[in-house]
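S.K.:
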Amino acid sequence: MAAADVWTATQSDGPALAMFCQLNPEYDLFLTGEMPKVALWVEEFLTSQPPALFHWTQTHKLIARTHQHPDTIAAVLDVTEDMIAPGVGHISLFQVATALQGSGFAHVLYQALEDWLASRGMDVLRLGVLEGNPRGMAFWTRQGYLKTRERVGTAPSGKTHQSYVMYKPLKPLTLDAYRQRVPRDDPKSP
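Numbering-wise (the UniProt record's numbering), the sequence shown opens with residue 1 and increments by one.
1. Could you check how far apart the C-beta atoms of L109 and A138 are, in whole angstroms? I think they sit under 8 Å.
2. Quick check: V6 and L93, are their CB atoms within less than 8 Å of each other?
3. Three-state secondary structure (DSSP) at V42?
4. With a CB to CB cut of under 7 Å and the five nearest residues on each side skipped, what residues in its chain are close to R181?
5. Assuming G121 and G87 make a contact with CB atoms under 8 Å, what is their CB distance in whole Å?
6. Beta strand (DSSP E) containing Q58: first to last residue?
7. Kindly indicate which three-state DSSP category Q22 falls into: helix, strand or coil?
8. I'd like the list of long-range same chain contacts for R142, defined as Cβ closer than 8 Å, with 5 residues on each side in sequence excluded.
9. Starting from Q101, trace the beta strand (DSSP E) in both directions and tell me its first and last residue.
10. Should the region 50–58 be called in touch with the region 8–25, which here means at least 3 C-beta pairs below 8 Å?
11. Need the endpoints of the beta strand (DSSP E) that M137 sits in, please.
12. Roughly how many angstroms separate the alpha carbons of S163 and L29, rounded to a whole number?
13. With a threshold of 8 Å on Cβ separation, who are the neighbours of A118 within its own chain once the five nearest residues in sequence on each side are excluded?
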């Protein structure tokens, strides 16, 4: 990637992740209505896994740093391979530092992530966007993601939220074919 270096986060990145959390609480405030508890946020980022019922094969906890500020985390990403079905990459977190939003960094970072996931055999990507997040919806729509259904979720704080499940085929795939492959994303499914 031209503008950043990306690698797998480890426990030794804990202090830098804590600083990222402290400097960028907006997403957590939006999701839960509360300031994130830094130590818990870091631990959850480093260790959380999708439920086994989704039959995934590998998760990646990634951090990105820009060349201009190599000591500061610029973004955190949490992605899962083969989520629900083989070849389905799931992006559960793509959080760019507030100071970099609107700079074009997110687009460059996303394109590198998409290319990397495609090189690992993922041929369709999926994610959720919270209702009331017009910037997020606009960003993912610009990246080529399409809505497939709406879901209600509950944050650890107990706050419920509506989200839009979106997908992006990396090779030709109709919406109906996608929903057959990933039945959970069909609005007719529970």
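Don't be surprised by glycine CBs; every beta carbon is placed ideally from N, CA and C. Note that the coordinates shown come from a computational prediction; the quantities given were computed from them, not determined experimentally.
M.R.: Quick answer:
1. Wrong, their Cβ atoms sit about 16 Å apart, outside the cutoff.
2. no
3. helix
4. A85
5. 6 Å
6. 58–66
7. helix
8. H107
9. No beta strand (DSSP E) holds Q101; DSSP gives it neither H nor E.
10. no
11. Counting along the chain, M137 falls outside any beta strand (DSSP E), though it belongs to the alpha helix (DSSP H) covering 134–142.
12. 16 Å
13. L170
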